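Residue numbers (this note's numbering), protein chains in the order written: chain R, 1 to 231; chain Y, 232 to 445; chain Z, 446 to 665.
Here is the structure we will look at, set down as structure tokens.
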Amino acid sequence: MNRYERWAAAAVALLLVAGAAIFFYAPTDYLQGPVQRIFYLHVSSAIAAYGCFAVVLVGGIIYLRIESLAADRFARAGALVGVVFTTVTLVMGMLWAKPIWGTYWTWDARLTSTLVLWIIYAGYLLVRRLAEPGRQAARLAAVVGIFGFIDVPIVHFSVTWWRTQHPGPIVVNDALPPQMLATFLFTLACTLVLAAVLIGIRYRIETLLDERQEVFEPAKVVHTPQPEASR
Amino acid sequence: MSLVVANGIAHRFGNELALAGIDLVLDTGEHMAVLGDNGAGKTTLLRVLATALKPTAGELRIAGLDAFKEKRRLRHYIGYVAHAPGLYPALTAAENLEFFCDLQDMSHSHAIEALDLVGLSAVARRRADQLSRGMQQRLAIARAILHQPRLLVLDEPDASLGSDAADLLATVMRDRTVVLATHDHALANRLCPRTLMLKHGRSHGTPTRLSVVK
Amino acid sequence: MNPLRVAVAVARKDLLSEWRTRELVPALAQFVILALLIGNFGFQVDSRNANVIAPGILWMALVFAGLVAFGRTFAAEREQSSLEAMLMTPASPLAIFAGKAAAAAAMLVLCEAVLLPALALFFGSPISIELITAVLLATVGMSALGVLFAAIVARVRARELLLPLLILPLWIPIVIAGAQAVQSAFGLPGSYDQAIGLLVDFDILFVVLTSLAARFVLDE
Numbered sequence: 001m002n003r004y005e006r007w008a009a010a011a012v013a014l015l016l017v018a019g020a021a022i023f024f025y026a027p028t029d030y031l032q033g034p035v036q037r038i039f040y041l042h043v044s045s046a047i048a049a050y051g052c053f054a055v056v057l058v059g060g061i062i063y064l065r066i067e068s069l070a071a072d073r074f075a076r077a078g079a080l081v082g083v084v085f086t087t088v089t090l091v092m093g094m095l096w097a098k099p100i101w102g103t104y105w106t107w108d109a110r111l112t113s114t115l116v117l118w119i120i121y122a123g124y125l126l127v128r129r130l131a132e133p134g135r136q137a138a139r140l141a142a143v144v145g146i147f148g149f150i151d152v153p154i155v156h157f158s159v160t161w162w163r164t165q166h167p168g169p170i171v172v173n174d175a176l177p178p179q180m181l182a183t184f185l186f187t188l189a190c191t192l193v194l195a196a197v198l199i200g201i202r203y204r205i206e207t208l209l210d211e212r213q214e215v216f217e218p219a220k221v222v223h224t225p226q227p228e229a230s231r
Numbered sequence: 232m233s234l235v236v237a238n239g240i241a242h243r244f245g246n247e248l249a250l251a252g253i254d255l256v257l258d259t260g261e262h263m264a265v266l267g268d269n270g271a272g273k274t275t276l277l278r279v280l281a282t283a284l285k286p287t288a289g290e291l292r293i294a295g296l297d298a299f300k301e302k303r304r305l306r307h308y309i310g311y312v313a314h315a316p317g318l319y320p321a322l323t324a325a326e327n328l329e330f331f332c333d334l335q336d337m338s339h340s341h342a343i344e345a346l347d348l349v350g351l352s353a354v355a356r357r358r359a360d361q362l363s364r365g366m367q368q369r370l371a372i373a374r375a376i377l378h379q380p381r382l383l384v385l386d387e388p389d390a391s392l393g394s395d396a397a398d399l400l401a402t403v404m405r406d407r408t409v410v411l412a413t414h415d416h417a418l419a420n421r422l423c424p425r426t427l428m429l430k431h432g433r434s435h436g437t438p439t440r441l442s443v444v445k
Numbered sequence: 446m447n448p449l450r451v452a453v454a455v456a457r458k459d460l461l462s463e464w465r466t467r468e469l470v471p472a473l474a475q476f477v478i479l480a481l482l483i484g485n486f487g488f489q490v491d492s493r494n495a496n497v498i499a500p501g502i503l504w505m506a507l508v509f510a511g512l513v514a515f516g517r518t519f520a521a522e523r524e525q526s527s528l529e530a531m532l533m534t535p536a537s538p539l540a541i542f543a544g545k546a547a548a549a550a551a552m553l554v555l556c557e558a559v560l561l562p563a564l565a566l567f568f569g570s571p572i573s574i575e576l577i578t579a580v581l582l583a584t585v586g587m588s589a590l591g592v593l594f595a596a597i598v599a600r601v602r603a604r605e606l607l608l609p610l611l612i613l614p615l616w617i618p619i620v621i622a623g624a625q626a627v628q629s630a631f632g633l634p635g636s637y638d639q640a641i642g643l644l645v646d647f648d649i650l651f652v653v654l655t656s657l658a659a660r661f662v663l664d665e
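Printed below as a string of structure tokens:
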């Protein structure tokens, strides 16, 4: 087993343990029933998604400052893994919302800002793909990533503020009993480990992709003495 | 003293290698022609020399400065005529040049002089989209020399110029260091004592010419 | 170098080109009138709900017109490859950005000068200083973001797809605050002052951020 396989195995094992905790250790929610168990992975995914975006942000900033290829690779990896986690968050959110709220979607602050996060990731990945590969794609995407990262909390704040102007139905979030809290924190930790492993693996893939392009045509230059200018 | 020193200039666009490692040295006042078929890498090389493009590998020194780090400082030194004329169609010839005078904090009198030099004084007040292709090309050349650059990089400037292309270019090239890309071998021979042949991003040439051989 | 001279020259060049070709502003004006017409029929507007619907129509029209306007901001440069020529000069990218943003904002304001009276005409919405202030403040933020992202997609493929995708998430806060401000100006519930305060904060934030980003985007 190489180290990536070991990391992957460890992450999967941890998640299996988390899964067991979610289904067998955590108590069933009194109000929401078994559906509530989605919450553990749903919120963990959301946090992991935003964490990946932080990687994109930092990678982008470092790239703009010193044009470090490694930073750009981390940003690329973070974006790809992040969009996956964001998708998971959105889907699980919708699955949870339907039985609980009766609707798949509502424009509250968290859902709206998660959707915005997804759109920004999609934009980032498209810019990378459509811009001239190499330096231009890296720079433009870095700017998109930085703006996107700052935008998500602003959108969240704006929608929250909007709700203060137009109070809607309040979703009551009781404090979590200790068993649920413990399960959540453990699941969160496992999810973050998974995210880190995925980013690490993707980073390696991006490195290989970059190198393969260098290996494409080795340029050997033989220096001949310069002839005199006149013919 | 060598004005332009390039070492191992290589550039790839994604999977495609446009330049495979070019070395060249240009002394002050030299005129060099770059020849090659379409797709050989002429435009890419010229863009690198004009500091319009940072290559994926290689070093470039212009006037003793690192061309990639001191790009901004070198800009006033370099004049570049790209493949496309790069003009604003709704503006007159004079207004096009005056705009670039504004961008470079120069007096508008430079615009008038440049128009004169390329023979466009008569159409100064004509909109750029109403100029013939040849006149547009002259205007693009005028724009490139507005700031009296020491190094002139010309990408197929003769493409739309008429039979007096050689004379116009000779006038513009006088007392400047020039890199000129063209398909016209006769023109190249007439204007430039030195030639660089490019083929698939590599330089070729018979031993009597400047060559870096793979 | 003289950044002010550069910014003024760039703005002047854009506005002069637009004046001579008269392509963009009439198209925008026509677009917003159309949007109002369709809104009127799409929403079953009557004298009671006109004020409730009008803010939504206003912002939809403005956002879509804005997308058209910023999609075209760099069109002239793209068509003629003049962007590269401009960036090859020692002119400061920030000054170029400022000039372009000012010109784009001016054209958007011209479009608003048609939109607001038309809104008043078709929906009976009152035109007040509050309304105009809100719209103008939103225009500042929208323009700064619009021009920056137009520059980002200027040399990228599929830019008609990409530009709205990139810009809309960033315009959302401005639209939320702006919509609230307009609703308050029309007498609907909600705080006008808070909304305007938010618009000012967003404007400052986005103008600063886009100014910092300009040199990375407008760089050859």
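Each residue gets a CB set at the ideal place from its N, CA and C atoms; glycine is no exception.
For clarity, every value in this text was computed on a predicted model and none was experimentally measured.
At a cut-off of 8 angstroms between beta carbons, T287 of chain Y contacts chain R. Straight across, the Cα-Cα distance linking A71 of chain R with A658 of chain Z is about 18 angstroms. Taking a beta-carbon distance threshold of 8 angstroms, S636 of chain Z counts as an interface residue toward chain R. Residue contact check for V662 of chain Z against chain R: a CB pair falls below 8 angstroms. Residues A241, H242, R243 of the same chain have their beta carbon placed closer than 7 angstroms to that of T287 of chain Y, with the five preceding and five following residues left out of the count. Distance from L503 of chain Z to P609 of chain Z at the Cβ level is roughly 19 angstroms; contact not present, criterion being Cβ atoms closer than 8 angstroms. In this structure Y40 of chain R is buried. Its beta-carbon is surrounded by 16 or more other beta-carbon atoms within 10 angstroms.
Beta-bridge partners of Y311 of chain Y (DSSP): Y:V384.
Counting only residues of its own chain and dropping the five nearest sequence neighbours on each side, P380 of chain Y has a CB closer than 8 angstroms to the CB of H307, Y308, I309, G310, R407. Note on geometry: alpha-carbon atoms of H416 of chain Y and P388 of chain Y lie some 13 angstroms from one another.
For R6 of chain R, none of the residues of chain Y pass the 8 angstroms Cβ criterion, the least Cβ distance being about 32 angstroms. With respect to the 8 angstroms criterion, A264 of chain Y and T413 of chain Y are classified as neighbours on the basis of their beta carbons.
Annotated as distal: V56 of chain R and G33 of chain R, with beta-carbon spacing of 8 angstroms or more.
Between L322 of chain Y and S462 of chain Z a beta carbon distance of about 6 angstroms is seen, short of the 8 angstroms cut, so the two are scored as contacting. Annotation: S394 of chain Y to L418 of chain Y spans about 11 angstroms, alpha carbon to alpha carbon.
Here T86 of chain R has A49, T114, L117, W118, Y121 as same chain residues with Cβ atoms under 7 angstroms from its own Cβ, once five neighbours each way along the sequence are excluded. A straight-line Cα-Cα distance of about 26 angstroms links R65 of chain R and R212 of chain R. Neighbours of H307 of chain Y in chain Z, taken as residues at a C-beta separation under 7 angstroms, are given in chain order as P535. Looking only at Z:L479, Z:V451, Z:L553, Z:A549, the smallest Cα-Cα distance to T534 of chain Z is reached by Z:V451.
A straight-line Cα-Cα distance of about 12 angstroms links V58 of chain R and A141 of chain R. Three or more Cβ pairs closer than 8 angstroms define a contact, and the segment 602-620 of chain Z falls short of that threshold against the segment 463-475 of chain Z.
Taking one beta carbon from each stretch, the segment 582-591 of chain Z and the segment 541-550 of chain Z have 3 or more pairs nearer than 8 angstroms; the two touch. Counting along the chain, D415 of chain Y sits inside no beta strand (DSSP E), nor does DSSP assign it H or E at all. Per DSSP, the beta-bridge partners of T323 of chain Y are Y:R358.
At a cut-off of 8 angstroms between C-beta atoms, I597 of chain Z counts as an interface residue with respect to chain R. Per DSSP, the beta-bridge partners of T408 of chain Y are Y:L382. Sorting Z:A622, Z:L593, Z:A630 by C-alpha distance to the C-alpha of I612 of chain Z places Z:L593 at the top. Judged by DSSP in its simplified three-state form, N485 of chain Z adopts helix. With at least 16 other beta carbons inside 10 angstroms of its own, G544 of chain Z counts as buried. Where I293 of chain Y is concerned, the enclosing beta strand (DSSP E) starts and stops at 288-293.
The beta carbon of A283 of chain Y sits closer than 8 angstroms to some beta carbon of chain Z. For P167 of chain R, the closest Cβ of chain Y is not nearer than 8 angstroms. Per DSSP, R73 of chain R has no beta bridge partner at all. Excluding the 5 residues flanking it on each side, V349 of chain Y has same chain C-beta neighbours closer than 6 angstroms at R369, I372, A373, in chain order.
Taking C-beta atoms as the reference points, A75 of chain R and Y63 of chain R count as a pair closer than 8 angstroms. Closer than 8 angstroms to the CB of Q335 of chain Y there is at least one CB belonging to chain Z.
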